[in-house]
Amino acid sequence: MSEVPRLPDEFAGLQVLVAPWDSERALLPAPPRLLVREGRLALRGEARGDRDERGVLWLPYAPRVDGDTRQRYAEVHGRRQRLLMARLRCQVCGRPSLHVPGRGTAYLLPYAPPETLLPVREAGEWRYALEANPPVCAEHLRTGPLWCDGLRRVRGWTVAWVLRAPVSGVQGYVYDLDDLERPPVLDYVPRGDPRLGAVVAVQLVRSLERVSVGESCPPGA
Numbered sequence: 006m007s008e009v010p011r012l013p014d015e016f017a018g019l020q021v022l023v024a025p026w027d028s029e030r031a032l033l034p035a036p037p038r039l040l041v042r043e044g045r046l047a048l049r050g051e052a053r054g055d056r057d058e059r060g061v062l063w064l065p066y067a068p069r070v071d072g073d074t075r076q077r078y079a080e081v082h083g084r085r086q087r088l089l090m091a092r093l094r095c096q097v098c099g100r101p102s103l104h105v106p107g108r109g110t111a112y113l114l115p116y117a118p119p120e121t122l123l124p125v126r127e128a129g130e131w132r133y134a135l136e137a138n139p140p141v142c143a144e145h146l147r148t149g150p151l152w153c154d155g156l157r158r159v160r161g162w163t164v165a166w167v168l169r170a171p172v173s174g175v176q177g178y179v180y181d182l183d184d185l186e187r188p189p190v191l192d193y194v195p196r197g198d199p200r201l202g203a204v205v206a207v208q209l210v211r212s213l214e215r216v217s218v219g220e221s222c223p224p225g226a
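Read left to right, the sequence shown gives residues 6 to 226 (this note's numbering).
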């Protein structure tokens, strides 16, 4: 059996891995720290980990302050989301996600009508739902709707079983390379899009190509 990759030390102590500590504030870059180098965005003093394996620049965060014990559960820490989504690890605890042969990997999503998650054929091409929520393990598939107030009361929840969901792109802030002072636009940027050189990514996105919908509960039900 292959060894499960170890998660970084920064994950230690988190109750919900994908959520940031209160002091881990997103640091949307701007000039002079943000610049254009070799036709793409770059950070002055860029460090290892600022880019993914495809060379896409990722949103930096302030480090956790010692003694900070509060998490912002309604928000997502983009760099941890990328690791969890890329490795298909549980967004809550970081363990391998639940995978059932013949059904697929388990995702616990905010409530969505089934038709919005299933592939649709339009003008001869398939259109797939895009998802940035990492999957969940067996334990948190069962307990998530019970202890997560956001799922239970505010957003509701839907279980999706996904047999095929390749990484399709990123959600991120797209800059004008000719005018970095112009406010960036938050958008989905697919793989192969030339705008990848102009984006500061905030979440890794998968395309739900083979999906079936399980249990669901509308908000407040």
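Heads up, the beta-carbon is just placed ideally off N, CA and C, and yes, glycines get one too.
Which term fits residue i, buried or exposed, when burial requires 16 or more other beta carbons within 10 angstroms of its beta carbon?
{"i": "Leu182", "result": "exposed"}
{"i": "Pro171", "result": "exposed"}
{"i": "Ala24", "result": "buried"}
{"i": "Val9", "result": "Low confidence applies here, because Val9 scores a pLDDT of 42, under 50, leaving its location unreliable; read the following figure in that light. Its Cβ having fewer than 16 others within 10 Å, Val9 is exposed."}
{"i": "Glu220", "result": "exposed"}
{"i": "Thr110", "result": "buried"}
{"i": "Val21", "result": "buried"}
{"i": "Leu151", "result": "exposed"}
{"i": "Gly83", "result": "buried"}
{"i": "Gln208", "result": "buried"}
Check the DSSP bridge columns for residue i and list the partner residues they point to.
{"i": "Trp63", "result": "Ala206"}
{"i": "Gln176", "result": "Tyr193, Gln208"}
{"i": "Trp152", "result": "Paired residue(s): none; Trp152 is not in a bridge."}
{"i": "Ala165", "result": "Tyr112, Val218"}
{"i": "Val105", "result": "Gly109"}
{"i": "Ala31", "result": "Tyr66"}
In whole angstroms, what is the alpha-carbon distance linking residue i and residue j?
{"i": "Ala35", "j": "Arg53", "result": "19 Å"}
{"i": "Pro115", "j": "Val81", "result": "14 Å"}
{"i": "Val125", "j": "Val194", "result": "20 Å"}
{"i": "Tyr178", "j": "Glu186", "result": "13 Å"}
{"i": "Arg200", "j": "Gly174", "result": "11 Å"}
{"i": "Cys98", "j": "Val41", "result": "37 Å"}
{"i": "Leu39", "j": "Asp57", "result": "17 Å"}
{"i": "Pro118", "j": "Glu130", "result": "22 Å"}
{"i": "Leu62", "j": "Leu213", "result": "24 Å"}
{"i": "Ser217", "j": "Trp166", "result": "5 Å"}
{"i": "Leu46", "j": "Ala91", "result": "23 Å"}
{"i": "Glu127", "j": "Glu120", "result": "14 Å"}
{"i": "Leu123", "j": "Ala137", "result": "16 Å"}
{"i": "Glu51", "j": "Gly107", "result": "43 Å"}
{"i": "Leu156", "j": "Ala79", "result": "10 Å"}
{"i": "Leu93", "j": "Gly197", "result": "22 Å"}
{"i": "Thr74", "j": "Asp55", "result": "25 Å"}
{"i": "Arg30", "j": "His104", "result": "33 Å"}
{"i": "Asp86", "j": "Arg59", "result": "Residue identity differs from the one stated: residue 86 is Gln in this sequence, not Asp. The alpha-carbon atoms of Gln86 and Arg59 are separated by roughly 16 Å."}
What residue does the beta strand (DSSP E) around residue i start on, and which one ends it?
{"i": "Gly219", "result": "215-222"}
{"i": "Leu114", "result": "109-115"}
{"i": "Arg132", "result": "130-132"}
{"i": "Ala47", "result": "45-48"}
{"i": "Val41", "result": "39-42"}
How far does the alpha helix (DSSP H) with residue i in it reach, from first residue to last?
{"i": "Pro124", "result": "Counting along the chain, Pro124 falls outside any alpha helix (DSSP H), and DSSP gives it neither H nor E."}
{"i": "Arg87", "result": "83-92"}
Just checking my contact of residue i with residue j at CB under 8 Å: how many whole Å lie between their CB atoms?
{"i": "Pro224", "j": "Val159", "result": "6 Å"}
{"i": "Thr154", "j": "Gln76", "result": "Correcting the residue identity first, residue 154 is Asp in this sequence and not Thr. Actually they are not in contact, since the Cβ atoms of Asp154 and Gln76 sit about 13 Å apart, beyond 8 Å."}
{"i": "Gln176", "j": "Pro139", "result": "Not quite, the Cβ-Cβ distance comes to about 13 Å (not below 8 Å), so this is no contact."}
{"i": "Cys222", "j": "Gly161", "result": "5 Å"}
{"i": "Ala206", "j": "Leu64", "result": "7 Å"}
{"i": "Val210", "j": "Leu135", "result": "5 Å"}
{"i": "Val190", "j": "Leu113", "result": "So it is not a contact: roughly 30 Å between Cβ atoms."}
{"i": "Ala266", "j": "Leu89", "result": "Any question about residue 266 goes unanswered here, given that the chain covers just 6 to 226."}
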